[in-house]
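Reviewing the structure listed below.
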Amino acid sequence: MSIATLAEDAGMSVPAFHKRFKAVTGTSPLQYIKSLRLNQARLLMIRNSLSATSAAFKVGYESPSQFNREFRRFFGRSPEEEARKMKATFALLPPV
Numbered sequence: 001m002s003i004a005t006l007a008e009d010a011g012m013s014v015p016a017f018h019k020r021f022k023a024v025t026g027t028s029p030l031q032y033i034k035s036l037r038l039n040q041a042r043l044l045m046i047r048n049s050l051s052a053t054s055a056a057f058k059v060g061y062e063s064p065s066q067f068n069r070e071f072r073r074f075f076g077r078s079p080e081e082e083a084r085k086m087k088a089t090f091a092l093l094p095p096v
């Protein structure tokens with residue numbers, strides 16, 4: 001999913017799409033997509049017991065080290081620490 005494709009689908013130029021998206025959501029399209037990917041990876045680690053590296057590849061990261069950096073920046077802890085904390089805190093139902 002690229003921002004150019006999203007802008008085209010919305011019938012807007014990339015700068016116009018970026019401005020409108022940020023006005024509506026309060027965040028840039030790139031940051032929004034990144035947050036979706038990181039949250040999806042976290043869910044895969046918790047529900048499917050995937051390793052951080054496997055989850056990173058599943059959501060489209062090509063570099064586990066880049067994923068780890070972005071994950072730590074976003075959640076404030078490493079992927080492994082976050083998965084451990086979330087598993088201990090919440091009892092999740094198995095995927096349907």
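Residue 86 in full-length UniProt numbering sits at position 86 of the sequence shown, and the numbers go up by one each step.
Glycine is no exception: its CB is placed at the ideal position from the N, C-alpha and C atoms.
Just so you know, these numbers come straight off a predicted model, no measurement behind them.
Starting from the C-beta of residue i, find all residues in its chain whose C-beta is less than 8 Å away, skip the five residues before and the five after it, and write them out in chain order.
i: residue 82; result: 42, 45, 71 and 75
i: residue 12; result: 20
Out of the options, which has the shortest C-alpha to C-alpha gap to residue i?
i: residue 6; options: 22, 24, 29 and 86; result: 29
i: residue 66; options: 32, 1, 38 and 23; result: 38
i: residue 78; options: 40, 87 and 68; result: 68
i: residue 4; options: 87, 86, 33 and 23; result: 33
i: residue 88; options: 23, 35 and 47; result: 47
Does residue i pass the burial test, meaning 16 or more other C-beta atoms within 10 Å, or should it be called exposed?
i: residue 15; result: exposed
What does a CB cutoff of less than 7 Å around residue i pick up in its chain, not counting 5 residues either side in sequence?
i: residue 10; result: 17
i: residue 127; result: No statement about residue 127 is possible, as the shown extent of the chain runs from 1 to 96 and does not include it.
By Cβ distance, which residues of its chain are closer than 6 Å to residue i, with the 5 residues on each side in sequence left out?
i: residue 73; result: none
i: residue 64; result: 53 and 56
i: residue 50; result: 44
Are the CB atoms of residue i and residue j nearer to each other than 8 Å?
i: residue 52; j: residue 80; result: yes
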